[in-house]
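Colleague: One structure follows; several queries about it will come next.
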Amino acid sequence: MEKYNENQEKKLIFNLKNGSHTAFDSIYKLYAKRLYAYSLQYTKSVEDAEDIVQEVFINLWNNRMTIRQDDTLSALLFIMAKHKLINAYRARLNHPHSEEYKEFMHALTVDDTQQRVEYGDFVKHFTKILSKLPPTQQRVIQLSRFNRMTNKEIAETLSLSEQTVKNQLSIGLKSLREKLMRIIVLCVLFVIPW
């Protein structure tokens, strides 16, 4: 395998950026086999590994103008291969005929229904607890957490000082957390078999 020193590699990059097919061929000869071995190690498929190497070099050529002169070809190519491997794995997992995909989608559907029920219960409890807080704390929490307003905006809206808003928010959230924790503990105790 031919090796290039840093200056030779910079020249290869320079020539590649200028559209040199010779530079591209040199880079291909230098890295294709290593990229193939790297890809094969993860895909366990000759065809997939060949496809990944081909895609890496197509990307290299198509994006040659974005390569920086101080880039290292080895690092650049192996990062590109890594991204291609991740995308290939995701595509395989999300393929509608994949058993893993079917199991995942089934679990999502079952969990989604249960989560909606649990979330609905949580919202009821949360609303009930929130309604028991003093009116100023309720309003500050609603504006902060639901309307995404800053303390300064809340202070202006409610004609309060920023410090009062901070204090009311802190006290209100602490009270909410404590009361919600009691509910969570009770739920856990209810669910865990004795």
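Those letters in the sequence shown? Residues 1 to 194, by the UniProt record's numbering.
Even glycine gets a Cβ: it sits at the ideal position worked out from N, Cα and C.
1) When the Cα atoms are used, what is the spatial distance from Phe146 to Met65?
2) Determine the direct distance from the alpha carbon of Leu30 to that of Tyr42, and round the result to whole angstroms.
3) Output the distance between the C-alpha atoms of Glu50 and Ala81, rounded to the nearest integer angstrom.
4) Here's the rule I'm using: 16 or more other beta-carbon atoms within 10 Å means buried, otherwise exposed. How should Ile58 be labelled?
5) Mind reading off the beta-carbon distance from Leu12 to Ala23? Whole number of angstroms is fine, and I expect it under 8 Å.
6) Could you check the C-alpha separation between Ser161 and His125 for me, to the nearest Å?
7) Whose C-beta lies closer than 8 Å to the C-beta of Leu158 among residues of the same chain, with five residues either side of it excluded?
8) Short of 7 Å in beta carbon distance, which residues of its chain neighbour Asp70, apart from the five on each side in sequence? Order them along the chain.
9) Determine the contact status of Ala32 and Val53, defining contact as a CB-CB distance below 8 Å.
10) Let me know if Gln168 comes out buried or exposed under the rule of 16 or more other beta-carbons within 10 Å of its beta-carbon.
11) Looking only at C-alpha atoms, which of Lys44, Arg68 and Tyr28 sits nearest to Glu55?
12) Where does residue 252 fall in DSSP's three states?
13) Using 7 Å as the cut-off, classify the Cβ of Gly19 as near or not near the heavy atoms of the ligand NAP, replying yes or no.
Modeller: On the basis of the data shown:
1) The residue you call residue 146 lines up with position 146 of the sequence shown. The residue you call residue 65 lines up with position 65 of the sequence shown. Their Cα atoms are separated by approximately 46 Å.
2) Within the sequence shown, residue 42 is the residue found at index 42, counting from 1. Within the sequence shown, residue 30 is the residue found at index 30, counting from 1. Taking C-alpha positions only, Tyr42 is separated from Leu30 by approximately 21 Å.
3) Translated into positions along the sequence shown, residue 50 becomes position 50. Translated into positions along the sequence shown, residue 81 becomes position 81. If I take the Cα positions, the gap works out to 11 Å.
4) Along the sequence shown, one-based indexing puts residue 58 at 58. Exposed: under 16 other Cβ atoms inside 10 Å.
5) Here residue 12 refers to the residue found at position 12 of the sequence shown. Here residue 23 refers to the residue found at position 23 of the sequence shown. Right, their Cβ atoms sit about 5 Å apart.
6) The count along the sequence shown starts at 1 and reaches residue 161 at position 161. The count along the sequence shown starts at 1 and reaches residue 125 at position 125. Taking the Cα positions, Ser161 is about 30 Å away from His125.
7) Position 158 of the sequence shown, counting from 1, holds the residue named residue 158. Residues of the same chain with a CB within less than 8 Å of the CB of Leu158, apart from the 5 flanking positions on each side, are Thr136, Arg139, Val140, Leu143 and Val165 in chain order.
8) Along the sequence shown, one-based indexing puts residue 70 at 70. If we look at Asp70 and ignore the five residues flanking it on each side, it has no Cβ neighbours.
9) Position 32 of the sequence shown holds residue 32. Position 53 of the sequence shown holds residue 53. Between Ala32 and Val53, the C-beta spacing is below 8 Å.
10) Indexing the sequence shown from 1 puts residue 168 at position 168. Residue burial annotation: Gln168 is buried, with at least 16 other C-beta atoms found within 10 angstroms of its C-beta.
11) As a working note, residue 55 is residue 55 in the sequence shown. Looking at Lys44, Arg68 and Tyr28, the one whose alpha-carbon comes closest to that of Glu55 is Tyr28.
12) An answer regarding residue 252 cannot be provided, because it is not within the stretch 1 to 194 covered by the chain.
13) Of ligands this structure carries none, so the ligand NAP is not represented either.
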